[in-house]
Amino acid sequence: FPLPIILTVGWQVSTVTDMYTFDMPLVTGSVHPNGPSPGGTSVTVIGVNMGWVDLSPSARLQETACEATGWLSDSSIRCKLPRGFGSELALSVTVDGEVSTSASVFSYDKAEIVPAVGSQLNVPTVGSEMIQITGVNFAISPIYVTSRARVGGTGCEETLWISQSALSCKSPAGVAGSRDVVITIIQGDSSTASKAFSYDVPTIVAAGTALGGGPNVPPGSFVAVTLSGANFAK
1 FPLPIILTVG WQVSTVTDMY TFDMPLVTGS VHPNGPSPGG TSVTVIGVNM
51 GWVDLSPSAR LQETACEATG WLSDSSIRCK LPRGFGSELA LSVTVDGEVS
101 TSASVFSYDK AEIVPAVGSQ LNVPTVGSEM IQITGVNFAI SPIYVTSRAR
151 VGGTGCEETL WISQSALSCK SPAGVAGSRD VVITIIQGDS STASKAFSYD
201 VPTIVAAGTA LGGGPNVPPG SFVAVTLSGA NFAK
C-alpha cells in the first residue's frame with residue numbers, strides 16, 4: 001500500500017501522502033515442483049520480497065489454501081500441501097495484503113499402476129470378472145476418476161474407485177493372451193502397465209460328433225466334430 005513521506009526540519013513538519021511503496025512480493029517457483037496427491041508434505045516457495053520479518057504470509061495452490069504457511073526469509077516461505085490433483089498449477093502468496101501469483105509452477109504426482117506382488121490379473125475370456133488394479137495417486141475421491149480403466153483397447157464394463165491406491169475393474173470379454181492395463185484420472189493423468197493382464201487360454205474338455213458318437217471317426221470320413229471346453233472367446 002502507498003505510504004506517506006514525513007519530513008521534519010527543526011520544528012517544522014511536512015507530510016506527503018501516498019508517495020512511497022515497497023516492492024510487491026514475487027513468486028518465482030518452488031524448490032520441489034511435485035508432491036503427493038494426499039498432501040501433508042511441505043514445499044518451499046521461493047521468490048523475493050516475502051517480508052524482511054514474519055508478516056504472517058499465506059499461500060494457496062489454485063484456489064485451495066495450504067494447510068499451513070510459514071515464513072522462512074525474505075526470499076522463501078513454506079507451504080504444507082493440501083490434498084489435490086492436477087498438473088501445472090498456479091501458486092499464490094499473500095504478504096501484508098499484497099498478492100503474487102505464478103502460473104504452472106507445481107504439479108501433483110501422477111497416477112502409477114504398481115501391480116501387487118504375486119497378483120494374478122487373469123480372467124476367463126467371457127469377462128465380467130472383478131479385478132483389482134493397485135498403484136499410487138489414484139485421486140483423492142471417486143469424483144475425480146473421469147475415465148474408465150481399459151484392458152488392451154477395451155474399456156472395463158465398470159470401474160470403481162476404492163482408494164488412492166486401488167481401483168476395481170469389471171473385465172471386458174476378450175481372447176487369450178496378454179494385454180496392457182491403462183487407467184486415466186482427471187485432466188488426462190494416465191498410467192499404463194504393460195502386459196499386466198491376461199485372458200485364460202482355451203481348454204478342451206471333450207469332443208464328439210454331431211450324431212452323438214465319441215471322439216473317434218472312420219478314416220477318410222467327413223464328419224463334424226464338436227469340441228467343448230472353456231475360453232473359446234465370447
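Taking UniProt numbering as reference, the numbering of the sequence shown is continuous, increasing by one, and the terminal residue is 234.
Backbone N, C-alpha and C define an ideal beta-carbon position, used for all residues, glycine too.
Distance CB(ILE46)-CB(SER56) smaller than 9 Å: no
Reduced DSSP secondary structure (H/G/I, E/B, other) of VAL225: strand
Residues that VAL123 bridges to, as DSSP identifies them: TYR199
Rounded separation between ASP23 and PRO33 - CA only: Going from the Cα of ASP23 to the Cα of PRO33 covers about 25 Å.
Contiguous alpha helix (DSSP H) assignments of at least 4 residues, all confined to the region 148-198: none
Supposed close pair GLU67, GLY35 - CB separation, criterion 8 Å: Rounded, the Cβ-Cβ distance is 12 Å, inconsistent with contact.
Where the beta strand (DSSP E) containing PHE106 begins and where it ends: Per DSSP, PHE106 belongs to the beta strand (DSSP E) from 98-108.
Backbone CA spacing between SER73 and SER42 [nearest angstrom]: 16 Å
Stretch-stretch touch, CB-based, cutoff 8 Å, three pairs: the region 100-114 with the region 180-194: Because the criterion of three Cβ pairs below 8 Å is met, the region 100-114 and the region 180-194 touch.
Of the listed residues GLY153, ASN49 and TRP161, nearest to VAL99 (C-alpha basis): ASN49
Residue closest to SER87, alpha-carbon to alpha-carbon, out of THR101, LEU61 and VAL182: LEU61
Which listed residue (ALA65, SER141 and TYR199) has its alpha carbon closest to that of SER165: SER141
With 16 other Cβ atoms within 10 Å as the buried cut-off, status of THR203: Answer is exposed; the Cβ neighbour count stays below 16.
C-alpha gap between THR184 and ARG148, whole angstroms: Looking at the two C-alpha atoms, the distance is approximately 7 Å.
Cβ pair PRO124, ASP180 closer than 9 Å: In this structure, PRO124 lies away from ASP180, with their beta-carbon atoms at least 9 Å apart.
Cβ pair LEU121, ALA224 closer than 9 Å: no
Assigned exposure category for THR8 - 16 Cβ within 10 Å defines buried: exposed
GLU63 versus PHE85, TRP161 and GLY152, residue with shortest Cα-Cα distance: PHE85
Beta-carbon separation (whole angstroms), ALA59 vs LEU91, contact threshold 8 Å: In this structure ALA59 touches LEU91 by the C-beta definition: roughly 7 Å separates them, less than 8 Å.
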